[in-house]
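Numbering (my numbering), first residue to last: 2 to 342.
Structure follows, in structure tokens:
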């Protein structure tokens, strides 16, 4: 049977029959650079995705055989690209879960004081998946979690979820992916879309009574501190999550209270059914490695992020943007020529 020790020995070159010229650390560095470049390429494709999609739809509806062939080729290329990207991400998650990528072992969970997870309401009905996800979060060491879904499915199942993850049901130590971890009590908060609507209505009424109902002639615009004061006065301010993970088919926070997302890092994790322990660790690790600088301006406090990228990834990004821009210009000229003829 293949064990983790044999896998480590296989990768490190200590196997008695096979010798390799690379180590897990080199594999870790090279794979991270490859994945970084792939994500940069994906961002470029998504940037021009909407315009290209409209262009290709028009080409598919036209009677020009050449345009239809072009549409089929590009559609096939994009499909293959996302398939390969999914394979790379799945392989990376597997390596993280198996502790082969040693870089992720130095996870400073203290930087994630409050974690929020947005789950699509339809997928939130699968409580077994929600239980498994929360179990991973507890094993990693997160202490406070906010669960949100638009229709309040998780809020309706608050009792079984809290009972499952109460301090009495969380053992002190447990084995996770072959290693021993210490679990702490997990504090849960349940939020739905109705909570946000109610908070906005109460805050508006509070501001009206305080600034307009007393007969004041001067009507000034409300500022961000006044809104924060109103939300705090009605008890709907809430803690601001450091990191927001979105589980669902759409890249959207699905109505999570916007006043709690001023400095929150938002990461789309894909559908809940395809969640993995490795992708969760990667998202949290990536957040902890980002440098955050807070500056004060006339509009209030804002946050600037500085992300260190390799020179190779930056150069590839620039070349891809130039390539896509050039291709888009040439295709537009060709289509205009076809339409004029």
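All C-beta atoms in this analysis are idealised placements derived from N, C-alpha and C, irrespective of residue type, glycine included.
Source: prediction; values computed, not measured.
- A Cβ-Cβ separation of about 4 Å places residue 125 in contact with residue 154 under the 8 Å criterion.
- Spatial neighbours of residue 234 in its own chain (CB-CB distance under 7 Å, excluding positions within 5 residues in sequence) are listed in chain order as 207.
- For residue 271, the secondary structure class from DSSP, reduced to helix, strand or coil, is strand.
- Judged by DSSP in its simplified three-state form, residue 266 adopts strand.
- Taking residue 201 as reference, the option from 236, 111 and 190 with the minimal CA-CA separation is 236.
- The beta carbon of residue 95 is closer than 7 Å to those of 279 in its chain, skipping five residues each way along the sequence.
- The count of Cβ pairs closer than 8 Å, one atom from the stretch 134–147 and one from the stretch 280–291, reaches three, so the stretches are in contact.
- Across the set 137, 72, 158 and 145, the C-alpha of 145 shows the shortest separation from the C-alpha of residue 188.
- In chain order, 143, 243, 244, 285, 288 and 289 place their CB closer than 8 Å to the CB of residue 113, counting only its own chain and leaving out the 5 sequence neighbours on each side.
- In this structure, residue 255 and residue 130 do not form a Cβ contact; the two beta carbons are roughly 17 Å apart against a cut-off of 8 Å.
- Leaving aside the five residues that flank residue 193 on each side, the residues in its chain whose CB is nearer than 6 Å to its CB run, in chain order, 153 and 156.
- A Cβ-Cβ distance of about 7 Å is found for the pair residue 204 and residue 228, placing them in contact under the 8 Å criterion.
- Counting along the chain, the unbroken beta strand (DSSP E) around residue 145 starts and ends at 145–149.
- Of the residues 109, 239 and 225, the one whose Cα lies closest to the Cα of residue 291 is 109.
- Separation of residue 270 and residue 102 (C-alpha to C-alpha, rounded to the nearest whole angstrom) is 20 Å.
- For residue 74 against residue 248, the beta-carbon gap comes to about 34 Å, at or over 8 Å, which does not count as contact.
- Here the alpha carbon of residue 232 sits roughly 51 Å from the alpha carbon of residue 72.
- Counting only unbroken stretches of 3 or more residues, the beta strand (DSSP E) elements lying wholly within the stretch 184–268 are 188–192 and 244–248, in sequence order.
- Per the DSSP secondary-structure output, residue 119 pairs in a beta bridge with 149 and 247.
- Residue environment analysis places residue 135 among the buried positions, since at least 16 neighbouring C-beta atoms fall within 10 angstroms of its C-beta.
- From the listed residues 147, 104 and 98, the smallest Cα separation to residue 115 is found for 147.
- Taken through DSSP and simplified to helix, strand or coil, residue 127 comes out as coil.
- Residue environment analysis places residue 150 among the buried positions, since at least 16 neighbouring C-beta atoms fall within 10 angstroms of its C-beta.
- When the beta-carbon positions are compared, residue 210 and residue 246 stay at least 9 Å from each other.
- CA-to-CA, the gap between residue 111 and residue 158 works out to about 29 Å.
- For residue 163, the enclosing alpha helix (DSSP H) covers residues 159–165.
- A direct Cα-Cα distance of roughly 10 Å separates residue 190 from residue 239.
- With contacts defined as CB atoms closer than 9 Å, residue 264 and residue 241 qualify as a contacting pair.
- Contact between residue 117 and residue 257 holds, since their C-beta atoms are separated by about 7 Å, short of 8 Å.
- DSSP, read as helix, strand or coil, puts residue 107 in coil.
- For residue 282, the enclosing alpha helix (DSSP H) starts and ends at 278–289.
- With respect to residue 132, residue 97 sits apart: the two C-beta atoms are not nearer than 9 Å.
- Counting only residues of its own chain and dropping the five nearest sequence neighbours on each side, residue 106 has a CB closer than 7 Å to the CB of 100.
- Sequence-distant Cβ neighbours of residue 277 in its own chain, meaning closer than 6 Å and more than five residues away, are 94.
- C-alpha of residue 165 to C-alpha of residue 137: approximately 13 Å in a straight line.
- Distance between residue 78 and residue 253, taken at the CA atoms: about 26 Å.
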